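Participant: Next up is a structure, given as structure tokens.
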Amino acid sequence: MLIDPASAVGGLETAAPPDPGRVRFPALEGLRGLAAVSIVAYHAAIDTKAILSSAAGAALARLDVGVAVFFVLSGFLLYRPFVVAHLAGRSFPRLTPYLRNRFLRIFPAWWLAFGVVTLGLHRIGFFHPVDVFLYVSLLVGYVPHLFVLNGLYQSWTLTLEITFYVALPLFAWVVTRRRGDVRTKARAHLAAVVGAGALGLALRAYAASADPGTGWLIRLPTEMALFAIGMAFAVSSARSQVIGNDSLPARTLGRHPAVSWLLAAAAYWWLSYGLGLPVRDTLVPLTTAQEMGRHVLFGVVALFLVAPAVFGDQRRGLIRRVLGSRPLSALGLVSYGVYLWHADLMRGLLIGPGDPLRHVSSFRYLTVFGATLVLTLAVASVSYFVVEKPALRLKARS
Numbered sequence: 003m004l005i006d007p008a009s010a011v012g013g014l015e016t017a018a019p020p021d022p023g024r025v026r027f028p029a030l031e032g033l034r035g036l037a038a039v040s041i042v043a044y045h046a047a048i049d050t051k052a053i054l055s056s057a058a059g060a061a062l063a064r065l066d067v068g069v070a071v072f073f074v075l076s077g078f079l080l081y082r083p084f085v086v087a088h089l090a091g092r093s094f095p096r097l098t099p100y101l102r103n104r105f106l107r108i109f110p111a112w113w114l115a116f117g118v119v120t121l122g123l124h125r126i127g128f129f130h131p132v133d134v135f136l137y138v139s140l141l142v143g144y145v146p147h148l149f150v151l152n153g154l155y156q157s158w159t160l161t162l163e164i165t166f167y168v169a170l171p172l173f174a175w176v177v178t179r180r181r182g183d184v185r186t187k188a189r190a191h192l193a194a195v196v197g198a199g200a201l202g203l204a205l206r207a208y209a210a211s212a213d214p215g216t217g218w219l220i221r222l223p224t225e226m227a228l229f230a231i232g233m234a235f236a237v238s239s240a241r242s243q244v245i246g247n248d249s250l251p252a253r254t255l256g257r258h259p260a261v262s263w264l265l266a267a268a269a270y271w272w273l274s275y276g277l278g279l280p281v282r283d284t285l286v287p288l289t290t291a292q293e294m295g296r297h298v299l300f301g302v303v304a305l306f307l308v309a310p311a312v313f314g315d316q317r318r319g320l321i322r323r324v325l326g327s328r329p330l331s332a333l334g335l336v337s338y339g340v341y342l343w344h345a346d347l348m349r350g351l352l353i354g355p356g357d358p359l360r361h362v363s364s365f366r367y368l369t370v371f372g373a374t375l376v377l378t379l380a381v382a383s384v385s386y387f388v389v390e391k392p393a394l395r396l397k398a399r400s
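With the working numbering as the guide, the letters of the sequence shown map in order to residues 3 to 400.
Dropping the structure here:
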């Protein structure tokens, strides 16, 4: 959710792309791990009602911003190889390895989690035989009532991710028809990405106004602006690699990591306290202004969090050193498993019937969050070494 650059898979991908010169982005691994932890913290706050009982409840209720970070990472790490190949005058990346690698990274671990959550924790019920196919194929995100009523409800983001995986090569192929020098081709990519992001915002505004709370708000077209941020980063990064110098925006974003993160914190504060978003029910339909404000600020927070890990000297700065540290890199390594397992382990074992933590009062949230994280890390590590790593070996041998 892995240092080999050839195994990138979006928000779950490795921290470096398959380019000449072995360009590496070691801080992205730790950032991916922190994004997964933010989702664990978010669900713990929802399930323990800490969003209502804590003074920081409004901030806890917006920790699902970690999903936006995943989408930005997807846009950056998956689009970048296509852009580098185009700018450097190389052939279009082969689609068979690309699709095979996406499959091997996503589905084996998903099938393990699906089997255990269904048969072991009994948290998924089926209303029709077709429902099994929808889960196995990860198309369940297109049927909201299934994942809302069942476990593994975070599956909607994986459905959206694989939709992006399939659509991305077509998008890249269209843009790579543009001929010219490096700067001309880079401008074509950037224009296409900005256009896709703007279209995504327009479609989201229309969907939110026409039918508040509609399932179309969790589809690729209406989430495209978040992916487009990462794709724009990919264009700038690829241009810098091929030309040999950074653009002014890249230099500006990469020069002061602490400032970038302070801007992310400011945007997060406004997201939590400035928009008047509901706290008691985080799934209630929003007004169009609230929906768009929330979505844009999700993107702003993710942009400034990811920027220092993409631009600038990756060997300098406390933020980059912390993100690239061994503990956070290890967390990033198993972050896909953390994302898959945490919610159902928490609800099935910690706060379900019998609730072994029911005696906890003021520290209930921290206890549930900590216990969930420890338990999930253990299960995610087993998933990685038993299922995910062998699948990665298959990719390397192909």
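Ideal placement from N, C-alpha and C gives every residue a C-beta, glycine not left out. The model shown is predicted, which means the values in this text are computed figures rather than measured ones.
I need the straight-line Cα distance from ALA393 to ALA382, nearest angstrom please.
Facilitator: About 15 Å.
Participant: Going by alpha carbons, who is nearest to THR284 out of ARG125, ALA188, TYR44, GLY35?
Facilitator: It is TYR44.
Participant: Just to confirm my understanding: we take ASP346, look at its own chain, exclude 5 residues before and 5 after, and list those with CB closer than 6 Å. What are they?
Facilitator: Around ASP346: VAL119, LEU123, ARG125, GLY153.
Participant: Taking only runs of the alpha helix (DSSP H) that begin and end inside the region 96 to 146, which ones reach a length of at least 4 residues, in chain order?
Facilitator: DSSP runs (the alpha helix (DSSP H)) wholly in the region 96 to 146: 97 to 117, 131 to 138.
Participant: Using three-state DSSP, classify ALA207 as helix, strand or coil.
Facilitator: In this structure, ALA207 counts as helix in the three-state DSSP scheme.
Participant: On the criterion of 16 or more Cβ atoms from any shown chain inside 10 Å, does PRO28 qualify as buried, or is it exposed?
Facilitator: PRO28 is buried by the Cβ-count criterion.
Participant: On the CB-based measure, 16 or more other CB atoms within 10 Å of its CB, does THR98 come out buried or exposed?
Facilitator: Flag for THR98 reads exposed.
Participant: Are THR374 and ALA46 close, meaning C-beta to C-beta below 8 Å?
Facilitator: In this structure, ALA46 lies closer than 8 Å to THR374 by Cβ.
Participant: Just verifying my parser: in three-state terms, what is the DSSP assignment at VAL381?
Facilitator: If DSSP states are grouped into helix, strand and coil, VAL381 belongs with the helices.
Participant: What's the call for LEU342, buried or exposed, on a 16-neighbour Cβ count within 10 Å?
Facilitator: Buried.
Participant: In its own chain, which residues sit with a C-beta less than 7 Å from the C-beta of LEU148, not counting the 5 before and 5 after it?
Facilitator: ASP133, LEU136, VAL142.
Participant: Measure the C-alpha to C-alpha separation of SER364 and LEU250 and round it to an integer number of angstroms.
Facilitator: With a pLDDT of only 48 at SER364, under the threshold of 50, the placement of this residue in the model should not be trusted; the figure read from the coordinates follows. Distance between the alpha carbons of SER364 and LEU250 is about 49 Å.
Participant: Where are the alpha helix (DSSP H) runs, 4 residues long or more, that stay fully inside the region 41 to 76, in chain order?
Facilitator: DSSP runs (the alpha helix (DSSP H)) wholly in the region 41 to 76: 52 to 55, 59 to 62.
Participant: List the endpoints of the continuous alpha helix (DSSP H) containing ALA291.
Facilitator: Here the alpha helix (DSSP H) through ALA291 covers 290 to 312.
Participant: In terms of alpha-carbon separation, which member of VAL389, ARG395, MET348 lies closest to GLY372?
Facilitator: Taking only the C-alpha atoms, the option nearest GLY372 is MET348.
Participant: Apart from the five residues just before and just after PRO146, which ones in its own chain have a Cβ nearer than 8 Å to its Cβ?
Facilitator: Around PRO146: TRP158, GLY217, ILE220.
Participant: Taking the alpha-carbon positions, what's the SER211 to VAL376 distance?
Facilitator: Between SER211 and VAL376, the C-alpha separation is close to 41 Å.
Participant: If you draw a straight line from the C-alpha of ALA240 to the C-alpha of ALA190, how long is it?
Facilitator: When rounded, the distance between both Cα atoms is 13 Å.
Participant: Using beta-carbon positions only, say whether ALA200 and VAL177 come within less than 8 Å of one another.
Facilitator: No, Cβ-Cβ distance for ALA200 and VAL177 is not below 8 Å.
Participant: I'd like the span of the alpha helix (DSSP H) that includes VAL90, first residue to last.
Facilitator: Reading off the sequence, residue 90 comes out as Ala, not Val. ALA90 -> no alpha helix (DSSP H), and no H or E assigned at all.
Participant: Quick check on VAL2: does DSSP put it in helix, strand or coil?
Facilitator: Lying outside 3 to 400, the shown extent of the chain, residue 2 is not represented and no answer is given.
Participant: With C-beta atoms as the reference, is ALA37 less than 8 Å away from GLY68?
Facilitator: Yes, Cβ-Cβ distance for ALA37 and GLY68 is below 8 Å.
Participant: Measure the alpha-carbon distance for ASN247 versus TYR155 and round it to whole angstroms.
Facilitator: Answer to the nearest angstrom: the Cα atoms are 44 Å apart.
Participant: Among the residues of its own chain, which have a CB less than 8 Å from the CB of MET294, if the five just before and after it don't count?
Facilitator: Counting only Cβ-Cβ distances below 8 Å, and skipping sequence neighbours, we find LEU203, ARG206, ALA207, ALA210.
Participant: Beta carbon of VAL74, beta carbon of VAL308: below 8 Å?
Facilitator: Yes, they are a contact pair.
Participant: Quick check: what's the CA-CA separation for ALA61 versus GLY278?
Facilitator: Those two C-alpha atoms are separated by around 12 Å.
Participant: Could you tell me the boundaries of the alpha helix (DSSP H) in which PHE173 lies?
Facilitator: Start and end: 157 to 177.
Participant: Take PRO223 and list the residues in its own chain whose beta-carbon comes closer than 7 Å to its own, dropping the five residues that flank it on each side.
Facilitator: Cβ within range, chain order: GLY202, LEU205.
Participant: Would ILE245 and VAL340 be called neighbours here (beta carbons separated by less than 8 Å)?
Facilitator: No, the pair does not count as a contact, with Cβ atoms beyond the cut-off.
Participant: Does the beta-carbon of PHE313 have 16 or more other beta-carbons within 10 angstroms, so that it is buried, or is it exposed?
Facilitator: By the 10 Å Cβ count, PHE313 comes out buried.
Participant: May I have the straight-line CA-CA distance separating ALA304 from VAL298, to the nearest angstrom?
Facilitator: Going from the Cα of ALA304 to the Cα of VAL298 covers about 10 Å.
Participant: For HIS250, which of helix, strand or coil comes out of DSSP?
Facilitator: For the record, residue 250 in the displayed sequence is Leu; it is not His. In this structure, LEU250 counts as helix in the three-state DSSP scheme.
Participant: Find the nearest neighbour of LEU228 within the set THR50, LEU33, SER40, VAL71, judged by alpha-carbon distance.
Facilitator: Among THR50, LEU33, SER40, VAL71, the Cα nearest to that of LEU228 is on VAL71.
Participant: Express the C-alpha separation of THR289 and TRP271 in angstroms, rounding to a whole number.
Facilitator: Roughly 20 Å between the two C-alpha positions.
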